[in-house]
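Novice: 326 is the number that the working numbering gives the last residue of the sequence shown; the numbers go up by one with no jumps. Take this structure, written in structure tokens, and hold onto it; I'll ask about it next.
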Amino acid sequence: MNSELQKEALRQQMLLRALWRDARPGVVAGWLRDGARFERGLQAYQANAGALAERALAAAFPTVAELLGDESFALLARHHWRTQPPARGDIAEWGAGLPAFLADQEQLASEPYLADLARLEWAVHLAERADDPLPPVDLELLALGDPQRLRLQLQPGCAVIDSVHPVFSIWQAHRSTAPDRFAPVREALAAGRSESAGVRRQGWKAEVLLLPAAEARFTAALLARRPLGEALAEAGESFPFEPWLRAALQAKRIAAVVQETA
Numbered sequence: 065m066n067s068e069l070q071k072e073a074l075r076q077q078m079l080l081r082a083l084w085r086d087a088r089p090g091v092v093a094g095w096l097r098d099g100a101r102f103e104r105g106l107q108a109y110q111a112n113a114g115a116l117a118e119r120a121l122a123a124a125f126p127t128v129a130e131l132l133g134d135e136s137f138a139l140l141a142r143h144h145w146r147t148q149p150p151a152r153g154d155i156a157e158w159g160a161g162l163p164a165f166l167a168d169q170e171q172l173a174s175e176p177y178l179a180d181l182a183r184l185e186w187a188v189h190l191a192e193r194a195d196d197p198l199p200p201v202d203l204e205l206l207a208l209g210d211p212q213r214l215r216l217q218l219q220p221g222c223a224v225i226d227s228v229h230p231v232f233s234i235w236q237a238h239r240s241t242a243p244d245r246f247a248p249v250r251e252a253l254a255a256g257r258s259e260s261a262g263v264r265r266q267g268w269k270a271e272v273l274l275l276p277a278a279e280a281r282f283t284a285a286l287l288a289r290r291p292l293g294e295a296l297a298e299a300g301e302s303f304p305f306e307p308w309l310r311a312a313l314q315a316k317r318i319a320a321v322v323q324e325t326a
């Protein structure tokens, strides 16, 4: 790399560091032809970045935002932006790190379910941005193949969120209009109930379901690309595979049946 290319690469690196508040604007200004203009632009960008972070995360994590309240969520969003800034130009792709970020916040230790709730909301967000469903599946392999060498591929957007907290009940309560909608949540929290939520795309929207433990294990195994035989063993003998298969085919949740090579 020649000296001009090296200088340009370093200039761009310093610019990014200033945008993420990792370098003093005055230092970066020395690398630019119009330092004063850069500093004015940087101030405008930083003033808008916080508001952009709030809007982006509130769109992807509406229940978390509601639970934290406007002021607390705004501070959290701005802090998350500074510590884990977007890596891509599409701001809607930013937010995958929020669940782990929430889990690390000591001040939120009294609400330990927030991180798993954020995992659920991010799965919903991804499902609604997922690719269009694939064509209906050909069942010939499923009827004739060896379950230990077959793999069921689910449609894009499917996910399973396992939690030691009642995350489905919390998520569902915030979408209910019933006057006593939070009573089941209080009961579940008091009982220390764990829940598994299934996420799938239904049309243009994501659908969230409360999954029985066996179905959650089975679905998670399929999503991990494990063979059908292993997924069934993971689910256990009591798992009603045939009813599940009929429902999955009717809802077009299976994208393909793949036979693994030896």
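All C-beta atoms, glycine included, are put in the ideal place defined by N, C-alpha and C.
Can you confirm whether the region 201-217 touches the region 246-254 when touching is taken to mean that 3 or more C-beta pairs between the two stretches lie within less than 8 angstroms?
Specialist: Segments in contact, no.
Novice: Tell me, to the nearest whole angstrom, how far the beta carbon of W186 is from that of P163; I am working on the premise that it is less than 8 angstroms.
Specialist: Position 122 of the sequence shown, counted from the first residue, corresponds to residue 186. Position 99 of the sequence shown, counted from the first residue, corresponds to residue 163. With 8 angstroms as the limit, W186 and P163 qualify as a contact, their Cβ atoms being about 7 angstroms apart.
Novice: Assign E118 to buried or exposed, taking buried as 16 or more other Cβ atoms, counted over all protein chains shown, within 10 Å of its Cβ.
Specialist: Along the sequence shown, one-based indexing puts residue 118 at 54. Per the 10 Å Cβ criterion, buried.
Novice: Excluding the five sequence neighbours on either side, which residues of its own chain have a C-beta within less than 6 angstroms of the C-beta of A223, listed in chain order?
Specialist: For the purposes of this step, residue 223 is taken as the residue at position 159 of the sequence shown. For A223, where only same-chain residues beyond five positions count, the Cβ hits under 6 angstroms are A187, V263.
Novice: Compare the Cα-Cα distances from G256 to each of D134, V272, S227 and report the closest residue.
Specialist: One-based indexing of the sequence shown puts residue 256 at position 192. Cα-wise, what sits closest to G256 is S227.
Novice: Among all the DSSP beta bridges, which residues are the ones paired with I225?
Specialist: If you number the sequence shown from 1, residue 225 lands on position 161. A261, per the DSSP bridge assignment.
Novice: List the endpoints of the continuous alpha helix (DSSP H) containing A297.
Specialist: For the purposes of this step, residue 297 is taken as residue 233 along the sequence shown, with counting starting at 1. Unbroken alpha helix (DSSP H) run through A297: 292-299.
Novice: Find the nearest neighbour of I225 within the set A237, P276, A194, judged by alpha-carbon distance.
Specialist: The residue labelled residue 225 in the question sits at position 161 within the sequence shown. Closest option to I225, Cα to Cα, is P276.
Novice: Under 8 angstroms: do the region 276-288 and the region 301-317 share three or more Cβ pairs, one atom per stretch?
Specialist: They touch, by the three-pair rule.
Novice: In this structure, how does DSSP classify A320 when only helix, strand and coil are distinguished?
Specialist: Numbered from its first residue, the sequence shown carries residue 320 at position 256. Strand at A320.
Novice: Mind checking S174: buried by the 16 CB within 10 Å criterion, or exposed?
Specialist: Indexing the sequence shown from 1 puts residue 174 at position 110. By the neighbour-count rule (16 or more Cβ atoms within 10 Å), S174 is not buried but exposed.
Novice: Under three-state DSSP, which class holds Q217?
Specialist: Indexing the sequence shown from 1 puts residue 217 at position 153. Strand, per DSSP.
Novice: Tell me the start and end of each unbroken alpha helix (DSSP H) in the region 157-222 that is at least 4 residues and wholly inside, in chain order.
Specialist: Qualifying alpha helix (DSSP H) stretches, in chain order: 162-167, 178-192, 204-208.
Novice: Is it buried or exposed for D168, if we count other Cβ within 10 angstroms and need 16 for buried?
Specialist: By one-based count along the sequence shown, residue 168 stands at place 104. So D168 ends up on the exposed side.
Novice: In this structure, how does DSSP classify Q148 when only helix, strand and coil are distinguished?
Specialist: Locating residue 148 in the sequence shown gives position 84, where the first residue counts as 1. Three-state DSSP puts Q148 in coil, outside helix and strand.
Novice: Considering only DSSP beta bridges, list what P266 is partnered with.
Specialist: By one-based count along the sequence shown, residue 266 stands at place 202. Reading off the sequence, residue 266 comes out as Gln, not Pro. Q266 pairs with K269.
Novice: Please classify D180 as buried or exposed, where buried requires at least 16 other C-beta atoms within 10 Å of its C-beta.
Specialist: Reading the sequence shown from its first residue, position 116 is the one you call residue 180. Per the 10 Å Cβ criterion, buried.
Novice: At the level of alpha carbons, what is the spacing between S258 and L132?
Specialist: Here the question's residue 258 lines up with position 194 in the sequence shown. Here the question's residue 132 lines up with position 68 in the sequence shown. Looking at the two C-alpha atoms, the distance is approximately 22 angstroms.
Novice: Residues bridged to L275 by DSSP?
Specialist: On the sequence shown, residue 275 is found 211 positions in, with the first residue counted as 1. DSSP lists S260 as partners of L275.
Novice: Count the other C-beta atoms from every protein chain shown that fall within 10 angstroms of the C-beta of A295, then say buried if there are 16 or more, exposed otherwise.
Specialist: Working through the sequence shown from its first residue, we reach residue 295 at position 231. Classification for A295: buried.
Novice: Could you work out which residue in L216, E271, T147 is closest to A191 when comparing CA atoms only?
Specialist: Start at 1 with the first residue of the sequence shown, and residue 191 comes out as number 127. Closest option to A191, Cα to Cα, is E271.
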